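Structure, as structure tokens:
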Amino acid sequence: MDPFALVSAVGTCYEYANWIIDFCQTWKNADEEVAERVNIIESCWAKTRLQVMLIQRTRPIMDAELLRVLDESLDILREKLTLAVAKLQNVQDNKSEMRPGFFGFRRKARGDKWALEKDTLDSVIRDLEDWQRRCDPSWFLIMRIANPVIDEELQKAEATAEAAAIAARSSRRPPSPSPLSLAGGIRDALRRNVPHRSVFLPEMPLDTVAIPFSTAKTARKKTPSDQSSSWYILDTLKLNPGPDSSAMTDDVRDLARKLKHADPFAFGLLGCVGAVRVFERVPQTKEKRLAGFELVFRAPGGVTAEALCSLRDLLVRSVSGGTVPSLTRRVYLAQELAQSVSYMHTFDFVHKNICPESVLLVNSKDADPLRNRRSSFLVGFGSFRSAEGGTRLLGDEAWERNIYRHPERQGENPSQKFKMQHDIYSLGVCLLEIGLWQSFVEYSDSATPMAKFGTVCQDFVDKFIREHQVAVGASQLGIAFFFFKDYLVDLARVELPHRMGERYSEVVITCLTCLDTDSDGFGDLSDQAEYTDGIPLGVRFLEMIHIRLDEIVL
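Printed below as a string of structure tokens:
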């Protein structure tokens, strides 16, 4: 977008938004539900205005591709505000046509005097929140630009941020943090060589509750007299084999420091309180040695241990006759998971273990179907590393983990170092699983459940045996699952379109083929695109995956 077009687009956004706010003020003395909706619109625009302002001020230092995506977002915002004005004007016109003599209409309308206004305001709210959900990931990518101008502009913008805070406080909705405070948190997380308080915590006596089929567990302090103590979520990281524990200690310190700034409902990443060193006794000498770490996260606000479950648990229960989530719920879950992966990379680390066991869900009535609050969170950081850190070519032969890994990363000795695209591949496997709503891994019904093939994996193994005329035992599973990727791509092409639609199917295939040299989505990106500032890869992820998923309308 050329500078003159930008000025026009931004000017139109401000003009229409101000008209909407002024117009809605006339309804503030209406019934309580209408007034609440007006407050929400004011809050949405206050946050949006701050984001538009920062885009304007940082344009000269932006990456060209990021700038293009943000300019497209501004165009979409202009369209949504134009449509909102038209809707509100239509309500005004309809009201002016009502006459006291139209007794029949007045009697009919008396049951809900403000029904038309409520519906119209709900539509405006959805449009503004949809825009923020689409724009936020690209807007937060601005924070990865290594230029002091970003810090200067954030400080300037903070001077005008109080309006957003006041508007948010006037709404009965759960308060959401200002985009500037979230952006400042990311900026702080990405700063290097800055003194920080230690993230390591002393050992704490905790009561823990397992989350079925999850890499995490819930916990709270042992306070028998106080059952209202806060819930935490613990994520265990085992020390990698080898003599050097200092590298992992540094990585844990870095991750805990970064996730201290994470907002669960904005990013789908839990805020980290700190890390606890876990020790074990050496059998021969009885001396203590470091065995790993436990990351301590705050449970999302208002969420109890009973309300949490893993995505794997939900999938397995559906196989056993449980309720299958609606199409809408599955699409929302896919959108949230993709968003979490995007923000994880924005925070500058790779996960290396994305699978249904590492996704926590709020499985209760607290999960708002109108999406005012996110209901899924990414955990399971047992194999993570900093995006710029070194990676050891270590893996394992566990088939239930290898099916979520790209063929380059399978087995005990992967052929390639881990990079962000490997997380994108794992995301694709999870999105396929969500779309089909079939658990690729099932578990035996025993005191110590053992992993067993789900229907998709069993069908693949049977097909592999037929085509290769070989028996597949435990030792050959690694060889067989090296071909699993192509099977999943075919499955996405054939089975997903009639279940989830063409757009969803295309996104899954893009994820699964993101490392193919002829991939339309990521094949032309070099490794350098990841390790400079991560913005080229981040922009491509947003365009090819996040935005396309978010455009699915049900």
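Numbered according to full-length UniProt numbering, the sequence shown spans residues 1 to 554.
Every residue, glycine too, gets a C-beta built ideally from N, C-alpha and C.
For clarity, every value in this text was computed on a predicted model and none was experimentally measured.
Original post:
Is DSSP giving G521 helix, strand or coil here?
Top reply: coil
**OP:** Taking the CB atoms as reference points, tell me whether F349 and L255 lie closer together than 8 Å.
**Re:** yes
**OP:** State the beta-bridge partners of A216 as determined by DSSP.
**Re:** Answer by DSSP bridge pairing, in chain order: D235.
Subject >> Rounded C-alpha distance that separates K452 from E400 >> reply: 8 Å
Original post:
Between which two residues does the beta strand (DSSP E) carrying E294 extend?
Top reply: Counting along the chain, the beta strand (DSSP E) containing E294 begins and ends at 288–298.
Subject >> Backbone secondary structure at V194 - three-state DSSP >> reply: coil
Original post:
On the premise that E158 lies in contact with R57, defined as a C-beta separation below 8 Å, what is that separation, rounded to the nearest angstrom?
Top reply: Between E158 and R57 the Cβ distance is about 13 Å, and since that is not below 8 Å, they are no contact.
Original post:
When we look at the beta-carbon of S439 and count the other beta-carbons within 10 Å, is it buried (16 or more) or exposed?
Top reply: buried
Subject >> Span of the beta strand (DSSP E) around V441 >> reply: 441–443 is the span of the beta strand (DSSP E), which, as asked, contains V441.
**OP:** Kindly indicate which three-state DSSP category C511 falls into: helix, strand or coil?
**Re:** helix
Original post:
Within the 8 Å Cβ cut-off, does I40 reach chain D?
Top reply: No chain D is present in this structure, which holds just one protein chain.
Original post:
How is A275 classed by DSSP in three states: helix, strand or coil?
Top reply: Collapsing the DSSP output to three states places A275 in a strand.
Subject >> Range of the contiguous alpha helix (DSSP H) that encloses F453 >> reply: Run containing F453: none in the alpha helix (DSSP H); it sits in the beta strand (DSSP E), 451–453.
**OP:** Have a look at K258, I233, I61, S43 and flag the residue whose alpha-carbon is nearest the alpha-carbon of P148.
**Re:** I61
**OP:** Count the other C-beta atoms from every protein chain shown that fall within 10 angstroms of the C-beta of Q339, then say buried if there are 16 or more, exposed otherwise.
**Re:** Buried: at least 16 other Cβ atoms inside 10 Å.
Subject >> Sequence-distant residues of the same chain with beta carbon closer than 7 Å to M500, five excluded per side >> reply: G435
Original post:
Quick one: Cα of M344 to Cα of D31, how far?
Top reply: C-alpha separation (whole angstroms): 42 Å.
Subject >> Which listed residue (R548, V199, P536) has its alpha carbon closest to that of Q421 >> reply: P536
Original post:
DSSP puts D459 in a beta bridge; with which residues?
Top reply: None; D459 has no bridge partner.
Original post:
How long is the line joining the alpha carbons of S505 and D63, rounded to whole angstroms?
Top reply: 30 Å
Subject >> Beta-carbon proximity list for H546, same chain, < 7 Å, skipping 5 on both sides >> reply: P137, A338, Q339, S342
Original post:
Between which two residues does the beta strand (DSSP E) containing L270 stretch?
Top reply: From DSSP, L270 is part of no beta strand (DSSP E); its letter is neither H nor E.
Original post:
Out of K221, L50, E33, which has the shortest C-alpha to C-alpha gap to A17?
Top reply: L50
**OP:** Answer with buried or exposed for H498, where buried requires no fewer than 16 other C-beta atoms within 10 angstroms of its C-beta.
**Re:** exposed
**OP:** Can you grab the Cα-Cα spacing for the pair M204 / C44, in whole Å?
**Re:** Straight-line measurement puts the Cα of C44 at about 41 Å from the Cα of M204.
Subject >> Within the region 476–504, ranges of the alpha helix (DSSP H) (whole runs, at least 4 residues) >> reply: 477–481, 484–495, 497–500
Subject >> Cutoff 8 Å; reference E408; Cβ partners in own chain excluding five residues on either side >> reply: P414, S415, Q416, H422, L515
**OP:** Excluding the 5 residues preceding and the 5 following G428 in the sequence, name in chain order all residues of the same chain whose CB lies nearer than 7 Å to its CB.
**Re:** Within the same chain, G428 has close Cβ partners V508, C511, L512.
Original post:
Are the region 329–337 and the region 282–289 in contact at 8 Å, needing three or more beta carbon pairs?
Top reply: Result no; under three Cβ-Cβ pairs closer than 8 Å.
Subject >> DSSP state of F381 mapped onto helix, strand, coil >> reply: coil
Subject >> Buried/exposed call for P369, threshold 16 Cβ in 10 Å >> reply: Only weak support exists for where P369 lies, its pLDDT of 42 falling under 50; the value from the coordinates is given anyway. By the neighbour-count rule (16 or more Cβ atoms within 10 Å), P369 is not buried but exposed.
Subject >> N-terminal and C-terminal residue of the beta strand (DSSP E) that G516 is part of >> reply: Reading off the sequence shown, one finds Asp at residue 516, where the question assumed Gly. No beta strand (DSSP E) contains D516, which DSSP labels as neither H nor E.
Original post:
How should R540 be labelled, buried or exposed, when 16 other C-beta atoms within 10 angstroms of its C-beta is the threshold for buried?
Top reply: buried
Subject >> Span of the beta strand (DSSP E) around A210 >> reply: 206–210
Original post:
How many angstroms separate the CA atom of C24 from the CA atom of N39?
Top reply: 9 Å
**OP:** Taking I145 as the reference, give the member of G538, E551, L542 with the closest Cα.
**Re:** Closest in alpha carbon position to I145, among G538, E551, L542, is G538.
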